[in-house]
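Okay, structure first, notes after.
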Amino acid sequence: MSLLSVRSLTVDYETSGGTIHAVNDVSFEIEPGETIGLVGESGCGKSTLGKAVMRLTPSTEGRIFLDGKDITQIDQREMRPIRSKMQMIFQDPMNSLNPRRTVGALIGQPLQVAGRPAAEVKARVAELMSQVGLPPDAAPRYPHEFSGGQRQRIGIARALALNPKLVVCDEPVSALDVSIRAQVINLLQDLSDELGVSYLFISHDLTMVQHIADRLLVMYLGSVVETGPAETIWKKPAHPYTKALLAAAPVADPQEMRKRKKFMLQGDLPSPANLPKGCAFSTRCPFAEDRCRAEKPILRRVSGEHRISCHFDLAERMEAGDIPVASLPETATAHHEGAST
Ligand SMILES: Nc1ncnc2c1ncn2[C@@H]1O[C@H](COP(=O)(O)OP(=O)(O)OP(=O)(O)O)[C@@H](O)[C@H]1O
Ligand SMILES: [Mg+2]
């Protein structure tokens with residue numbers, strides 16, 4: 001049985017400006033101990049999906065099962081024992097940690113709330129602090145006395161206090177210095193190996209989830225456009241949107257950079273209040289044809305567990321760098337011409 005099963009989840013926000021379709025008909029599973037990377041550009045609905053799974057945001061349609069139990073509609077009282085199985089780590093640990101409480105009190109709070117005796121809380125806090133690599137003398141100190149990376153370690157220790165089975169990590173390293181991002185990701189990876197905890201790891205940057213994710217969910221405007229084993233997608237993306245995300249990752253080699261440039265995203269993200277007809281990506285896709293603007297593609301199998309929502313098989317063409325010339329961005333065209341003269 002899957003640890004988490006999300007079926008046809010839809011989340012709408014009703015606003016004065018109309019209905020925002022933040023998450024549209026998303027389905028996926030997380031197995032025990034597995035890490036799913038949820039990627040896509042800003043505003044595509046990643047946090048909304050994470051919060052809906054955590055039941056922090058109400059879902060409009062669809063079902064969420066944790067350990068086989070339908071948790072979509074259960075009330076707060078029934079939700080309490082489930083909270084301990086599911087925790088969330090946020091982007092900015094400074095905002096999610098009460099500045100007036102000591103590190104020991106912050107990490108121990110979930111245990112205290114759960115009614116654990118004081119001596120047990122103290123011992124468990126010490127154990128958690130050592131697990132996440134905080135100095136043993138950190139307990140009586142306050143969050144502001146720590147670096148960003150250490151504060152995120154406090155957030156991780158707190159999230160792990162009750163031995164959750166699933167942790168939703170919403171951009172857990174995006175606010176951190178580049179130099180310490182890898183350290184925190186490695187820590188999360190080690191903890192997953194050690195404790196068997198599953199992660200839904202949210203990031204707008206595909207390179208950030210490259211090493212930690214077993215499988216990926218690539219989202220665009222609230223829908224999953226590509227999913228499958230992380231390595232397969234990393235090596236050979238089949239959806240032009242994923243190709244664009246990968247093309248945006250910085251590389252040192254200028255020739256490689258030029259090759260990638262032509263796949264980079266053009267134009268703005270359409271409003272989720274007014275989704276494009278047909279394929280949501282059609283307004284920005286260099287390969288789009290009439291069919292794409294008329295007919296919404298369904299998520300279909302490419303091979304094994306690898307699925308895309310695209311009418312065409314573009315992987316080979318994209319790998320060969322074959323992109324319609326009319327859609328080349330100006331800078332890329334200029335480089336192109338420059339290279340051939
Ligand atoms: N509480 C809310 N009320 C109305 N609209 C919202 C609310 N929260 C998010 N949205 C809208 O829903 C869409 C998805 O937002 P969400 O925060 O889930 O995106 P995201 O992928 O997490 O983006 P980012 O990478 O910037 O964190 C956006 O258009 C956003 O403006
Ligand atoms: Mg977000």
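Okay, so the sequence shown: first residue is 1 according to this note's numbering, each after it adds one. Cβ coordinates follow ideal geometry from the N, Cα and C atoms, glycine included. Keep in mind that this is a model prediction, so the values were computed, not measured.
Taking the Cα of Leu-217 as reference, the smallest distance to any Cα among Ile-20, Gln-210, Pro-136 and Gly-37 is reached at Gly-37. A distance of 8 Å or more separates the beta carbons of Ile-154 and Leu-188. If you check the C-beta of Lys-51 against ligand 2, you find no heavy atom less than 7 Å away. A straight line joining the alpha-carbon of Gly-228 with that of Lys-235 spans about 12 Å. Annotated three-state conformation of Pro-254 is helix, per DSSP. By the C-beta criterion, the stretch 279-287 is judged to be in contact with the stretch 303-320, since at least 3 inter-stretch pairs fall below 8 Å.
In this structure, DSSP gives Ala-247 a helical state, which the three-state scheme calls helix.
Placement of the Cβ of Pro-272 at a distance of less than 7 Å from at least one heavy atom of ligand 1 is found.
Contact between Gln-152 and Pro-99 fails: their C-beta atoms lie close to 15 Å from each other, not under 8 Å. In this structure the stretch 12-26 does not touch the stretch 189-204; the number of beta carbon pairs closer than 8 Å is below three. DSSP places Ala-280 outside any alpha helix (DSSP H), giving it a letter other than H or E. Gly-115 and Thr-15 have their C-alpha atoms roughly 40 Å apart. Under the three-state reduction of DSSP, Thr-10 is assigned to strand.
Per the Cβ contact rule, the stretch 1-17 is not in contact with the stretch 250-266 (fewer than 3 Cβ pairs under 8 Å).
Counting the other Cβ atoms within 10 Å of the Cβ of Met-88 gives 16 or more, which makes it buried.
If you check the C-beta of Tyr-13 against ligand 1, you find a heavy atom less than 7 Å away. Between Arg-284 and Gly-267, the gap from beta carbon to beta carbon is short of 8 Å. Taken in chain order, the complete beta strand (DSSP E) segments of 3 or more residues contained in the stretch 296-327 are 300-303 and 306-308.
By the C-beta density criterion, Ile-64 is buried, having at least 16 other C-beta atoms within 10 angstroms. Secondary structure at Gly-155: helix, using DSSP grouped into helix, strand and coil. Ile-20 has its CB nearer than 7 Å to a heavy atom of ligand 1. Rounded to the nearest whole angstrom, the CA to CA distance from Ser-27 to Val-6 is 5 Å. Shown here, Tyr-241 sits in a helix according to DSSP, grouped into three states.
The three-state reading of DSSP puts Pro-110 in helix, counting H, G and I together.
Comparing alpha carbon positions, the residue from Pro-136, Glu-226, Asn-163 and Asn-95 closest to Ala-175 is Asn-95. For Ile-233, the closest of Leu-160, Val-184, Leu-206 and Leu-4 by C-alpha to C-alpha distance is Leu-206. For ligand 1, a non-hydrogen atom lies closer than 7 Å to the CB of Thr-48. DSSP lists no bridge partner for Thr-72.
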